[in-house]
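Here the structure comes first, spelled out in structure tokens, and everything after it is commentary.
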Amino acid sequence: MSALGSSLRKSILRQNPDVAESDHLCLTCFEAARAASFAHQLKKNQRELSNLEREVLKKITDREIVAVDPTPPDSPLTTGQRVADRVAAFGGSWTFILTFLGILVVWITFNVVAATLRFDPYPFILLNLVLSCIAALQAPIIMMSQNRQEEKDRERARNDYMVNLKAELEVRALHDKIDHLLRSQMHTLMEFQEAQLEILQRLARQNGKP
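Residue numbers (this note's numbering): 226 to 435.
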């Protein structure tokens, strides 16, 4: 107990009044007490802990790794997801833009120049119908791909928040531990200096005698 940081030691004594500072803690009790101390620090800034914060505290208590891979390799994509990704990738590329512009130019030019063979004269009603159908089909497919990407982004942001929260709590505990060690070292150094001064004063008195 005496080797713990001040905030952690106070948290343990607050929850267990019968514990003395000279007692020893097992590893499981230490992790549980540290998680309780972290929870107390978080509650200072807000009234209630969120589910993510409770999960982080549980992982700290169980000594589990917080960081997880948001895209595990054993989750194969469905056919619809693969098609949506390819359509979204192609629809957002310069290849699609240039190809589509080329088709529009050829379509309009052919129906303007070829007087006898044109199949969609001005005002290009068939072209408007084709463009409307393409837009009506392409938009929901791209949105499906974007929704799946948003789910990945939310999971990644959730994972980043948990990792950052755990790191912040661990750094706080480390700072508290270092401060406690520094205070202990300063106290030991002061006692050592006082002992040295007493020895020097004793030697000075002995040397000053006739």
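Backbone N, C-alpha and C fix where the C-beta goes; we use that ideal spot for every residue, glycine too.
Computed from a predicted structure; not experimentally measured.
Determine the DSSP secondary structure at Arg343, reduced to helix, strand or coil.
coil
So what does DSSP say about Ser318, is it helix, strand or coil?
coil
Taking DSSP as the reference, what is the three-state secondary structure of Leu302?
coil
List the whole-angstrom C-beta distance separating Gln363 from Gly316, where the pair is believed to meet the contact cut-off of C-beta under 8 Å.
6 Å
So for Pro348, helix, strand or coil by DSSP?
coil
Between the region 276-286 and the region 389-408, are three or more C-beta pairs nearer than 8 Å?
yes
What residue from Ile359, Tyr347 and Glu376 has the CA that sits closest to Phe325's CA?
For the residues Ile359, Tyr347 and Glu376, the minimum Cα distance to Phe325 belongs to Ile359.
Let me know if Ala313 comes out buried or exposed under the rule of 16 or more other beta-carbons within 10 Å of its beta-carbon.
buried
Give the single residue among Asn384, Ile424 and Leu399 whose Cα lies nearest to the Cα of Glu280.
Asn384
For Phe344 and Asn336, what's the separation of their Cα atoms in angstroms?
Cα to Cα, Phe344 sits roughly 7 Å from Asn336.
So which of Asp404, Trp332, Glu278 and Val308 has the shortest CA-CA distance to Ile367?
Comparing Cα positions, the closest option is Val308.
Do Phe349 and Ile328 have their CB atoms nearer than 8 Å?
no
Inter-residue spacing [alpha-carbon to alpha-carbon] between Met226 and His400
For Met226, the pLDDT reaches just 48, beneath the cut-off of 50, and the residue's location in the model is therefore unreliable, leaving the point undetermined.
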